[in-house]
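Using this note's numbering, read the sequence shown as starting at 42 and increasing by one per residue.
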Amino acid sequence: MEIEIRAKLKNPKKITEKLISLGAVKHGEKKLCDYYFGDIGLYEKINHSFWIRLRVKENNKIELAYKGSTDIDGVYDEYEQDLQDLDTAIAIFTKMGLTNEITVNKHRTSYKLGNISIEIDDFADWGTYIEAEIISENSDKKDLFEFFDSLGIPKEDIFEKGYITLMLEEKKSPFMKWIKN
Numbered sequence: 042m043e044i045e046i047r048a049k050l051k052n053p054k055k056i057t058e059k060l061i062s063l064g065a066v067k068h069g070e071k072k073l074c075d076y077y078f079g080d081i082g083l084y085e086k087i088n089h090s091f092w093i094r095l096r097v098k099e100n101n102k103i104e105l106a107y108k109g110s111t112d113i114d115g116v117y118d119e120y121e122q123d124l125q126d127l128d129t130a131i132a133i134f135t136k137m138g139l140t141n142e143i144t145v146n147k148h149r150t151s152y153k154l155g156n157i158s159i160e161i162d163d164f165a166d167w168g169t170y171i172e173a174e175i176i177s178e179n180s181d182k183k184d185l186f187e188f189f190d191s192l193g194i195p196k197e198d199i200f201e202k203g204y205i206t207l208m209l210e211e212k213k214s215p216f217m218k219w220i221k222n
């Protein structure tokens, strides 16, 4: 499972400096465009939410991901696969009745510190955020909270919901009834 927590950054430069001082290794920067597809009728039929995400990476590489609800905020079932053509994938999902409910553009800087993957995501008008992730069969987030504490991120600034959930809440999307995390 993918275990994640996030926080909006008031001072991204300070957090980046702290990451490096802790020994985090920078793994690169990239621009990403994510298309999130879902279907409320299908959520009702299978009794849980999910997203099908198409991610356009640099060099026009396309990644398909399933991100399924586990009923725990910040914990997801996830499967990924590379695809060849964005337009064809969008057409297939649209013909299947899936709705592209939200599209997100961001600039991502990636780091690694031990078993923790760290992303600094700049969403332009929406702000800059940090996401820390571990892959584990145990959904305990204690190590992630301790890591954010070591960065000086106050507990009250930390959230477990996904970015997409927050964005859907802001736009008062009908998908919110179903999105659990």
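Backbone N, C-alpha and C define an ideal beta-carbon position, used for all residues, glycine too. Bear in mind the structure is a predicted one, so any value in this text is a computation, not a measurement.
Going by the CB atoms, is the gap between VAL116 and MET208 shorter than 8 Å?
By one-based count along the sequence shown, residue 208 stands at place 167. By one-based count along the sequence shown, residue 116 stands at place 75. Cβ distance not < 8 Å, so MET208 and VAL116 don't count as in contact.
SER191 burial status per 10 Å Cβ neighbour count (16 or more: buried):
In the sequence shown, counting from the first residue as 1, residue 191 sits at position 150. The residue in question, SER191, is exposed, as its Cβ has fewer than 16 Cβ neighbours within 10 Å.
Report buried or exposed for LYS72, applying the criterion of at least 16 other Cβ atoms within 10 angstroms of its Cβ.
Residue 72 sits at position 31 when you count from the first residue of the sequence shown. Counting the other CB atoms within 10 Å of its CB gives LYS72 a total below 16, which places it among the exposed residues.
Unbroken stretches of the beta strand (DSSP E), 3 residues or longer, contained in the segment 56-117:
Taking 3 residues as the shortest admissible run, the segment 56-117 contains the following complete beta strand (DSSP E) segments, listed from N- to C-terminal end: 66-79, 91-97 and 103-110.
If you drop the 5 nearest sequence neighbours on each side, which residues of the same chain put their C-beta closer than 7 Å to that of GLU210?
Working through the sequence shown from its first residue, we reach residue 210 at position 169. These residues qualify, in order along the chain: MET217.
Residue from VAL66, TYR120, ALA106 and LEU124 with nearest C-alpha to ASN100
Counting from 1 along the sequence shown, the entry for residue 100 is found at position 59. Nearest option by C-alpha distance: LEU124.
Count the other CB atoms, across all protein chains shown, that sit within 10 Å of the CB of TYR120; report buried if there are 16 or more and exposed otherwise.
Position 79 of the sequence shown, counting from 1, holds the residue named residue 120. TYR120 is exposed by the Cβ-count criterion.
Buried/exposed call for ASP112, threshold 16 Cβ in 10 Å:
Counted from its first residue, the sequence shown places residue 112 at position 71. Exposure of ASP112 is indicated by the presence of fewer than 16 other C-beta atoms within 10 angstroms of its C-beta.
Measuring alpha carbon to alpha carbon, tell me which of LYS108, GLN122, GLY193 and ARG96 ends up nearest THR144.
As a working mapping, residue 144 is identified with position 103 in the sequence shown. For THR144, the closest C-alpha among the options LYS108, GLN122, GLY193 and ARG96 is that of ARG96.
Among PHE78, ASN88, SER90 and LEU127, which has the Cα closest to the Cα of LYS254?
Residue 254 lies beyond the stretch modelled for the chain, which goes from 42 to 222, so this question has no answer here.
In terms of alpha-carbon separation, which member of SER151, ASN146 and THR150 lies closest to ALA165?
Your numbering for residue 165 matches position 124 in the sequence shown. The candidate whose alpha carbon is nearest that of ALA165 is ASN146.
Just the Cα atoms here: how many angstroms apart are LYS86 and ILE220?
Along the sequence shown, read from residue 1 onward, the residue named residue 86 stands at position 45. Along the sequence shown, read from residue 1 onward, the residue named residue 220 stands at position 179. Their Cα atoms are separated by approximately 14 Å.
Taking only three categories from DSSP, how would you classify SER158?
Start at 1 with the first residue of the sequence shown, and residue 158 comes out as number 117. If DSSP states are grouped into helix, strand and coil, SER158 belongs with the strands.
When the Cα atoms are used, what is the spatial distance from SER214 to ASP118?
If you number the sequence shown from 1, residue 214 lands on position 173. If you number the sequence shown from 1, residue 118 lands on position 77. About 23 Å.
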